[in-house]
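Remarks on the structure that follows.
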Amino acid sequence: MEEKISIIIPAYNIRNYIEKCLDSVCAQTYRNIEIIVVDDGSTDGTADIIDIYAKNKDSRVKAIHQKNSGVTSARLEGVKKAEGEFIGFVDGDDYIEPYMYESLYKNAVEYNADISHCGYQMVFPNGRIDYYYNTGSIKVQDNETGVKDLLAGNFIEPGLWNKLYKKNLFLDFLSNVKMDYSIKINEDLLMNYYLFREARKSVFMDKCPYHYLLRKNSAATSGININK
Numbered sequence: 121m122e123e124k125i126s127i128i129i130p131a132y133n134i135r136n137y138i139e140k141c142l143d144s145v146c147a148q149t150y151r152n153i154e155i156i157v158v159d160d161g162s163t164d165g166t167a168d169i170i171d172i173y174a175k176n177k178d179s180r181v182k183a184i185h186q187k188n189s190g191v192t193s194a195r196l197e198g199v200k201k202a203e204g205e206f207i208g209f210v211d212g213d214d215y216i217e218p219y220m221y222e223s224l225y226k227n228a229v230e231y232n233a234d235i236s237h238c239g240y241q242m243v244f245p246n247g248r249i250d251y252y253y254n255t256g257s258i259k260v261q262d263n264e265t266g267v268k269d270l271l272a273g274n275f276i277e278p279g280l281w282n283k284l285y286k287k288n289l290f291l292d293f294l295s296n297v298k299m300d301y302s303i304k305i306n307e308d309l310l311m312n313y314y315l316f317r318e319a320r321k322s323v324f325m326d327k328c329p330y331h332y333l334l335r336k337n338s339a340a341t342s343g344i345n346i347n348k
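Note that this note's numbering has the sequence shown beginning at 121, numbered continuously upward.
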């Protein structure tokens, strides 16, 4: 039987985006998933939309509500509640293609990899789309190569949201790593460093099923501030 994938979605004040995100995750061709949406203290109605999905639209959606504690806290709260053998993340203002998790899981099994990851497309507010990089190639990485590729950043995205992890990597992480939850820029890269450090093997598929939205006034598009 196919193993369960827990897809964790942190959400904070994104009522105009969360429905498209949830619809895209619910539409995955890989059906054995649970969708854990962690509302990080939203005040704009996001929490109500999440509850509607959990109660009325898809029984695989689980809603968690917490006081505003930041994206790292929200993600790890989802991990603690996850029942799947694999863990994936989607940011609540992004969306994904239907085949994404089926492809990532297939590669994880075929190559016996602890981490399976892919490319993405960056969607700008004006509608422009940049692909990173969509060559269709496959690269298998041992432990050392995976860490080096991650830190070099030449073709491996530092985000958590285009990757599928074996859950045991997070069990080690939660037991042994004291993550600084106050870090708000590049917290993805820091967490990925710990996860890739523990992974025996990873496999990268250079296709782009993940749509990363650049929103005006988001953390990615804001000017220099104390967090950066």
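Just so you know, even glycine gets a beta-carbon here, dropped at the ideal spot from N, CA and C. All values derive from a computational prediction rather than experimental measurement.
When DSSP states are grouped into helix, strand and coil, Ile169 belongs to the helix group.
Ile156 has its alpha-carbon roughly 8 Å from the corresponding atom of Ala202. Looking only at Asp234, Ile303 and Ser223, the smallest Cα-Cα distance to Tyr330 is reached by Ser223. In the DSSP assignment, Tyr221 falls within the alpha helix (DSSP H) that extends over Met220 to Glu230.
In this structure, DSSP gives Tyr253 a state outside helix and strand, which the three-state scheme calls coil. When DSSP reads this structure, Val260 sits in a beta bridge with Val323. The stretch 235 to 245 and the stretch 206 to 224 touch, with no fewer than 3 CB-CB distances between them shorter than 8 Å.
In terms of CA proximity to Pro245, Lys336 leads the group Gly198, Lys336 and Glu277. Around Gln241, the same chain offers Ile249, Tyr251, Cys328 and His331 as residues with beta carbons nearer than 6 Å, after the five sequence neighbours per side are excluded. In the DSSP annotation of this structure, Glu205 is not part of any beta strand (DSSP E), being labelled neither H nor E.
Secondary structure note for Leu284: its beta strand (DSSP E) is the uninterrupted segment Lys283 to Lys286.
The beta carbons of Gly266 and Ala319 sit about 6 Å from each other, so the pair counts as a contact at 8 Å. In this chain, the alpha helix (DSSP H) harbouring Val145 covers Ile138 to Cys146.
Just measuring C-alpha positions, the residue of Gly204, Asp171 and Asp159 sitting nearest Val191 is Asp159.
Distance from Ile153 to Arg180 at the Cβ level is roughly 6 Å; contact confirmed, criterion being Cβ atoms closer than 8 Å. Linking Asp143 to Leu280 through their CA atoms gives a straight-line distance of about 20 Å.
Glu123 and Asn306 have their C-alpha atoms some 30 Å from each other.
Relative to Glu230, the option among Ile129, Lys259 and Val243 whose CA is nearest is Lys259. For Glu318, the uninterrupted alpha helix (DSSP H) run begins and ends at Glu307 to Glu318, by DSSP. Per DSSP, the continuous beta strand (DSSP E) segment holding Glu154 begins and ends at Ile153 to Asp160. Contact annotation: Asn133 and Asp168 have beta-carbon atoms that are not nearer than 8 Å.
Excluding sequence positions up to five before and after Asp211, its CB lies within less than 6 Å of the CB of Trp281, all in the same chain and listed in chain order.
The shortest C-alpha to C-alpha distance from Asp269 to any of Asn312, Leu333 and Ala174 is the one to Asn312. Around the beta carbon of Asp308, 16 or more other beta carbons sit within 10 angstroms, so the residue counts as buried.
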